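Note sheet for the following structure.
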Amino acid sequence: MRNLVIWARRASFFPTLLACVALFILMVMTFCDVILRSVFNAPIEAATELTRILMAILVFSVLPMISAGKGQIAVDLTDGLFSRLRLSRARDAVVYLASGIMLIWPINRVWILSERARDYGDVTEYLSIPVFYVGWFITFFTVIAAIAMVITGLMYIFAPHALSEQTQ
Amino acid sequence: MTAALIGFALVLVLVLLRLPIVFAMGLVGTFGFAYERGGAIFSERGLKAAMSMVGRQITDTAQDYGLSVVPLFILMGLFVNKGGLARELYAVSNAFLGHFRGGIAMATVAACGGFSAICGSSLATAATMSKVAMPEMRRYRYSDELSTASIAAGGTLGILIPPSVILVIYGLLTETSIGKLFVAGILPGMMGILFYLFAVRWTVWRKPDSGPAGERHGWGERLTALRSVWAVLLLFFLVIGGLYGAFDFHPLNLTFSPTEAAGMGAMGAFLIALSRGGLTLSSTFEVLKETSYTAAALFSVLIGAQIFSNFINLAGLPEALIALVTAYEVSPFAVILMILGIYIILGCVFESLSMLLLTVPIFFPLVTSLGYDPIWFGIVVVVVTEISLITPPVGLNVFILKGVVGDVSTGTIFRGVTPFWVADIFRLALIVLVPWLVLVLPEQMGAMGH
């Protein structure tokens with residue numbers, strides 16, 4: 007189990023790097039767009055559609071990490087109560103399992119939408135990038151997030167020790 | 187309407203069971219939507235419609251051009267912070283205010299205000315400033331009450347003085363202009379600083395020992411301190427001025443959309459941090475990583491909130507509330523007072539973003555149908571949210587302070603915060619009674635340079 011946790015942490019570097027690169031490009035591109043538009047009256051025409059794609063990459067590539075690592079925004083008002091009743095572990099297991107399983111339906115739906123875009127041959131306006139690639143990307147990383155959450159939930163039940171080392 | 191109320195209660199229960207907000211709102215929103223569309227929760231027609239809505243919401247929100255403002259503004263704050271802004275801002279305010287009685291606490295408030303002009307989060311402002319200001323106030327033997335309270339309260343300014351993450355979320359939820367919301371936050375934010383300065387004065391007037399005067403700085407020192415922050419001040423004026431339309435004249439013709447302003451701000455902050463040698467490859471990676479994690483969490487929550495909001499609207503809760511208000515002939519002002527009361531009560535237990543996401547979809551249509559300005563309501567909501575950050579028992583800023591400082595009890599901080607809280611209530615009353623204070627600047631927008 008410990009190996010799995012170590013492996014997952016190492017593997018998470020690559021999607022994080024992808025998000026960082028997307029964010030950096032987004033920043034530089036927005037800056038260049040404004041400068042080119044105001045000084046040379048030549049804006050980057052594809053800036054809007056690239057922004058959209060970069061945003062999807064930025065958000066979804068780190069989704070598995072924030073979902074499995076308590077990064078999702080939650081209300082911790084009842085934490086004291088749960089820990090007093092010694093139910094924190096059981097609650098976390100249920101929350102992770104339920105959240106992971108719940109994602110099956112949206113995943114399915116986003117997949118259908120991107121397949122439909124592929125059938126229609128939808129492409130972006132300026133660069134003609136096929137729209138379904140973005141849909142596939144979102145689907146893929148949401149699947150990873152769902153699997154990561156289910157595994158985290160199972161580990162809360164069967165191997166809480168390995169998990170507590172992960173959070174350190 | 188009953189379905190909407192049950193849905194609302196269910197979300198509250200799930201959220202209190204610590205289900206992440208995105209899943210609580212998404213789940214209830216989906217099944218609620220299915221119920222409204224198909225007549226039963228598990229009807230095939232309803233579920234199909236609901237899933238179609240959910241799928242669209244996920245792909246559209248993640249690719250919303252307007253939303254790119256969120257990561258870019260977060261990035262700007264983090265880069266500037268790497269350049270050592272907090273310490274420098276504090277040095278400047280201290281050079282100007284430190285020699286007054288309570289002056290170092292006043293400098294803390296002013297520095298918090300300055301930091302808020304770059305950072306869009308109250309918790310980050312409080313956490314950053316406490317590391318800088320607390321040791322200095324301890325050195326001058328300021329009472330724990332005053333020193334912690336000035337940081338906790340000063341930190342709340344982060345979400346009002348632009349840029350502000352909460353205002354962006356409000357703007358996106360209600361389709362209100364983010365640029366105008368930002369500009370509208372400026373005057374109430376300055377009032378916040380001023381009122382907090384009075385709160386410090388009041389505290390040292392009551393207990394002179396709590397905030398002794400520091401040493402006086404000469405003009406030479408003051409100017410030297412100012413020199414270190416000029417680049418960041420310039421950046422702020424460039425970003426907000428660009429949003430305001432201040433550079434919209436020939437031959438520049440430069441007006442920023444919020445995304446462009448955020449992009450310029452982030453890039454400017456990156457260059458400032460780079461030129462000061464505050465950035466290495468690994469610290470740049472850390473900043474980008476922290477930004478993308480925060481942005482992804484905010485986006486997830488926003489997707490959940492929009493799914494829930496679609497259900498609430500379909501269930502007709504806003505219309506039902508409007509009908510109720512009309513039937514009982516409640517005056518619009520009484521409605522506003524009731525809403526403020528609800529916010530202050532919710533704020534005692536809820537964290538700011540969750541409170542906003544839960545309530546705005548319900549109250550916003552009601553308030554605008556009564557003829558109130560959406561921009562004004564946004565600022566009012568944010569000011570109430572600020573108050574909730576220092577209201578017991580769950581004032582989050584107080585807990586941040588407790589976390590960073592350690593050896594002070596939350597009771598002490600809450601006691602110290604009381605005058606600041608009263609100052610906030612005064613400010614809220616003023617903004618509610620005189621909407622002009624909020625609306626005067628945004629109404630001028632775009633009028634300049636033409």
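Chains as they are written, first to last, in my numbering: chain A, 7 to 174; chain B, 187 to 636.
Beta carbons: idealized from backbone N, C-alpha and C, even for Gly.
Predicted model, so just to flag it, every value in this text is computed and none were measured.
Task: Partner residues on chain B for A:Asp125, Cβ-Cβ distance less than 8 Å - done: The premise fails here: A:Asp125 is roughly 16 Å from chain B at the closest Cβ pair, so nothing lies under 8 Å.
Open item on the list: Is B:Ile244 close to chain A? Criterion is C-beta to C-beta, closer than 9 Å.
Closed with: yes
Open item on the list: Residues of chain A with CB closer than 7 Å to the CB of B:Glu537, please, in chain order.
Closed with: Val81
Open item on the list: Between which residues of its own chain and A:Gln172 is the CB-CB distance below 6 Å, once the five residues before and five after are set aside?
Closed with: Bear in mind that the predicted position of A:Gln172 carries a pLDDT of just 47, short of 50, making it too unreliable to give a figure here.
Open item on the list: Strictly under 9 Å for the Cβ-Cβ distance: is A:Thr54 near chain B by that measure?
Closed with: yes
Open item on the list: Could you compute how far the alpha carbon of A:Cys138 sits from the alpha carbon of B:Ile244?
Closed with: Residue 138 of chain A is actually Phe in this sequence, not Cys. Looking at the two C-alpha atoms, the distance is approximately 14 Å.
- [ ] Work out the CA separation of A:Ser18 and B:Glu230 for me, nearest whole Å.
- [x] 38 Å
TODO: Check the C-beta distance from A:Ala165 over to A:Met7 and give it rounded, since I have them as a contact under 8 Å.
DONE: 4 Å
- [ ] Compile a chain-ordered list of the residues in the stretch 226 to 240 of chain B whose CB is closer than 8 Å to at least one CB of chain A.
- [x] Met237, Ser238, Val240
Task: Close Cβ partners of A:Gln174 (< 7 Å) along its chain, the five nearest in sequence each way excluded - done: Residue placement at A:Gln174 cannot be trusted, given a pLDDT of 35 that sits under 50; what the coordinates show is reported in the next sentence. None.
Task: Every unbroken alpha helix (DSSP H) inside the stretch 348 to 400 of chain B [4 residues or more] - done: 351 to 360, 364 to 392
Open item on the list: Using only the alpha-carbon positions, how far apart do B:Val594 and B:Lys588 sit?
Closed with: 6 Å
Open item on the list: Rounding to the nearest angstrom, what Cα-Cα distance links B:Val618 and B:Ser555 in this structure?
Closed with: 17 Å
Task: Proximity test, Cβ basis, 9 Å: A:Thr148 and chain B - done: yes
Open item on the list: Going by DSSP in three states, B:Phe563 sits in which element: helix, strand or coil?
Closed with: helix
TODO: Return the CA-CA distance between A:Ile144 and B:Leu507, expressed in angstroms with no decimal places.
DONE: 37 Å
Task: Below-9 Å beta-carbon distance, A:Ser134 vs any chain B residue - done: no
TODO: May I ask you to list the residues that DSSP assigns as paired with B:Phe433?
DONE: B:Leu440
Open item on the list: Let me check understanding here. Comparing Cα to Cα, which of B:Thr216, B:Leu200, B:Met262, B:Leu198 lies closest to A:Met33?
Closed with: B:Met262
Open item on the list: So the candidates are B:Ile364, B:Tyr328, B:Leu271, B:Phe368; which of them puts its Cα closest to the Cα of B:Gly289?
Closed with: B:Tyr328
Open item on the list: Could you check whether the Cβ of B:Val214 sits closer than 9 Å to any Cβ belonging to chain A?
Closed with: no
Open item on the list: Just checking: is the beta-carbon of B:Phe442 within a distance shorter than 9 Å of some beta-carbon in chain A?
Closed with: yes
Open item on the list: If distances are taken between C-alpha atoms only, which option among B:Lys268, B:Leu253, B:Ile364, B:Ala399 comes closest to B:Arg324?
Closed with: B:Ala399
TODO: Starting from A:Pro136, follow its DSSP beta bridges and name the residues at the other end.
DONE: A:Val129
Open item on the list: What does the alpha-carbon distance come out to for the pair B:Leu523 and B:Val566?
Closed with: 11 Å
Open item on the list: Within the continuous alpha helix (DSSP H) that includes B:Lys588, where are the two ends?
Closed with: 582 to 591
Open item on the list: Helix, strand or coil for A:Pro21? Go by DSSP, reduced to three states.
Closed with: helix
Open item on the list: Considering Cα atoms alone, identify which of A:Leu109, A:Ala151, A:Met71, A:Ser94 is closest to A:Ile163.
Closed with: A:Ser94
Open item on the list: Count Cβ pairs between the stretch 242 to 258 of chain B and the stretch 127 to 135 of chain A that sit closer than 8 Å; are there 3 or more?
Closed with: no
- [ ] Could you say which of B:Leu500, B:Ser538, B:Trp388, B:Val415 lies nearest to B:Gly270 if we only look at CA atoms?
- [x] B:Val415
Task: Nearest-angstrom Cα separation, counted from B:Gly306 out to B:Thr512 - done: 38 Å
Task: Extent of the continuous alpha helix (DSSP H) to which A:Lys76 belongs - done: Looking at the DSSP string, A:Lys76 is not in any alpha helix (DSSP H), and its letter there is neither H nor E.
TODO: Could you list the residues in the stretch 320 to 352 of chain B with a C-beta less than 8 Å from some C-beta on chain A, going in chain order?
DONE: none
Task: Cβ pair B:Arg613, B:Ala335 closer than 9 Å - done: no
Task: Below-9 Å beta-carbon distance, A:Ala99 vs any chain B residue - done: no
Task: Collapsed DSSP secondary structure at B:Pro579 in the structure displayed - done: coil
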